[in-house]
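Start counting the sequence shown at 3; every next residue gets the next number (the working numbering). Note that CB positions come from ideal geometry on N, CA and C, so glycine has one too.
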Amino acid sequence: MQKLAKFIYFKLLGWKLVGNTTMSKDTVKKAVVIALPHTSWHDFYIGLLLRTVIGIKSNFVGKKELFVWPFKYYFRAIGGRPIDRTSGQNKVEAIAKLFDEDEEFRLTLAPEGTRKKVTEWRTGFYYIAKAANVPIIMFTLDFENKQNRISEPFYLTDNMEADFKFMKQFYKGVVGKFPEYS
């Protein structure tokens, strides 16, 4: 499967992988992975190809209503985990607890929370990483240069403003599939 993914990713689609090309898979088994800019449904299959090319397990969360027969088997197989999104539930705490269930858990999220243009990132991913006591690994969805750049694990400080400044600098100039939403 990895050979096929590499053929599609590198040869057919012409993408490149730069930076921390192993995503620290041998040393960091748990992390919040943030992918930006999230401007299109194409980001999903690029992410799936990327994780197969690198050879890592990665996870995502979805509303529990998606995890019903027959779809739950597919979503689970590709790393999905159901989450209860009803009001009154502490979603950050619930998601942070998922890190305790597996020896290897890399939660992939899009900080924008939508594929549309946003001026500010949502902060849930930050609080999840803090609550789970795991680093953040950043990767770009750079359609202009057809590359995924992956950061070294970033361990959060107690200065949220400085942490966000550092993370936003990593994504400076990156253009998504739809530039008007980047």
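| Check | Outcome |
| --- | --- |
| Thinking residue 44 and residue 114 are a contact (beta carbons under 8 Å), I'd like their distance in whole angstroms, please. | At roughly 15 Å, the Cβ-Cβ gap does not stay under 8 Å, so residue 44 and residue 114 are not in contact. |
| Alpha helix (DSSP H) containing residue 6: first to last residue? | 4–8 |
| Is it buried or exposed for residue 92, if we count other Cβ within 10 angstroms and need 16 for buried? | exposed |
| Would you list the one or two residues that DSSP bridges to residue 111? | 36 |
| Residue range of the alpha helix (DSSP H) that residue 55 falls in? | 44–56 |
| Within this structure, are the beta carbons of residue 69 and residue 82 separated by less than 8 Å? | yes |
| Which of helix, strand or coil does DSSP assign to residue 181? | helix |
| Please classify residue 9: is it buried, with 16 or more other beta-carbons within 10 angstroms of its beta-carbon, or exposed? | exposed |
| DSSP has residue 144 in a bridge; who is on the other side? | 149 |
| Tell me whether the beta-carbon of residue 112 lies closer than 8 Å to the beta-carbon of residue 37. | yes |
| Reducing DSSP to helix, strand and coil, say where residue 126 ends up. | helix |
| What residues in its chain sit with their C-beta under 7 Å from that of residue 145, if we drop five residues either side in the sequence? | 177, 178 and 179 |
| Return the CA-CA distance between residue 20 and residue 152, expressed in angstroms with no decimal places. | 6 Å |
| Taking the Cβ atom as the reference point for each residue, do residue 199 and residue 148 lie within a distance shorter than 8 Å? | Within the shown structure, residues of the chain are numbered from 3 to 184, placing residue 199 beyond reach of any answer. |
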